[in-house]
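Inspection log for the structure reproduced underneath, given as structure tokens.
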Amino acid sequence: MASARYTLNIDPNDLRPEKPRELTPGEKLANWWHYHWKMLLVGLLLLGLAVMGVTEILTQEKADYRVGVVTRYPVDDNARQKLGEALAGLPGAQDVNGDGKILVEVMHYQMDLRPPEETSDEEMMTGQDPMMQIASQTRLTGDIQTGDLVILLTDDPERLQYLTGIAADENGQALENRESLEGADLYRWADCPVLTGLALGDFTDIAGNVRPVNSYFKDLTLLHRAVYDGRPDEQTAQANQKLLASMTEGAKRP
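Per numbering that gives the first Met the number 0, residue 0 is the first one in the sequence shown, and the count goes up by one each step.
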């Protein structure tokens, strides 16, 4: 117990703790900012990304047609864009979705469909990255299942049919033998006067050589995708049939 001589003259008020000084609004804001500015900036960044994503989705133009290009070699983005613009100008192209524009989106799937025994060692070493091939296969499968990918161009129609069975006859129905192209509604690009006559312009390759865009597509085969499992729907099938008729006008089947 403390000695009386130390406590005799102590004022009880001196033993009471001092009340903390109340911060001003400015000091409270500065204190909050000191501890939370990082979280606030991260939140604003995430919000900005979300707004950008939603805006892109809302403002993105929806294609009236989607044309698939399946090749073992890469296709330049500008070449695909020029092909899409040219196809949108054909008489059979329509404003399917009613947005006042005709948009043909040309999708590319870089896939070497040949079995390994038909591929040379050099091609195996210098060919496409396996992961990229898997990614293209996954995208193609998904786009086929959605039903709006009806017209396809490919450098290996036999293997594409063998692997997917998607080729149609003249009526848009699946072939009896899904591993064969017998009876298929197909055309070679070179046999289609409309396609060979498209004004696609030129492009500069990675070696600096100027080449016609048509060189990307001149050796491809045009396939009509079959209707099965209710896909594509009737409206999509009919619209693509009209575009296909414009693309193949005056052409002879091989």
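Glycine included, every Cβ here is placed at the ideal spot set by N, Cα and C.
- About 6 Å separates the Cβ atoms of LEU199 and ALA85, confirming a contact at the 8 Å cut-off.
- Beta bridge pairing from DSSP links MET106 with GLY67.
- According to the DSSP assignment, ASP201 belongs to the beta strand (DSSP E) that extends over 201-203.
- About 6 Å separates the CB atoms of THR220 and LEU185; that is less than 8 Å, so the two are in contact.
- In this structure, ASP142 lies near LEU148, with their beta-carbon atoms less than 8 Å apart.
- Beta-bridge partners assigned by DSSP to TYR227: ARG230.
- Rounded to the nearest whole angstrom, the C-alpha separation of THR203 and LEU197 is 18 Å.
- For TYR161, the uninterrupted alpha helix (DSSP H) segment begins and ends at 156-163.
- Bounds of any beta strand (DSSP E) do not take in PRO114, whose DSSP letter is neither H nor E.
- Between PRO253 and the set PRO73, ASN176 and TRP188, the nearest pair of CA atoms involves TRP188.
- Within its own chain, the residues whose Cβ lies closer than 8 Å to the Cβ of THR145, once the five positions on either side in sequence are excluded, are ARG230, listed in chain order.
- Cβ contact annotation for SER135 (same chain, cutoff 7 Å, sequence separation greater than five): TYR108, GLN109 and MET110, in chain order.
- DSSP places ARG210 inside the beta strand (DSSP E), whose first and last residues are 209-211.
- In its chain, beyond the 5 residues on either side, TRP188, ALA189, ASN213 and LYS217 have a beta carbon closer than 8 Å to the beta carbon of THR195.
- For LEU185, the enclosing beta strand (DSSP E) has its first and last residue at 185-187.
- Straight-line measurement puts the Cα of LYS37 at about 19 Å from the Cα of GLY25.
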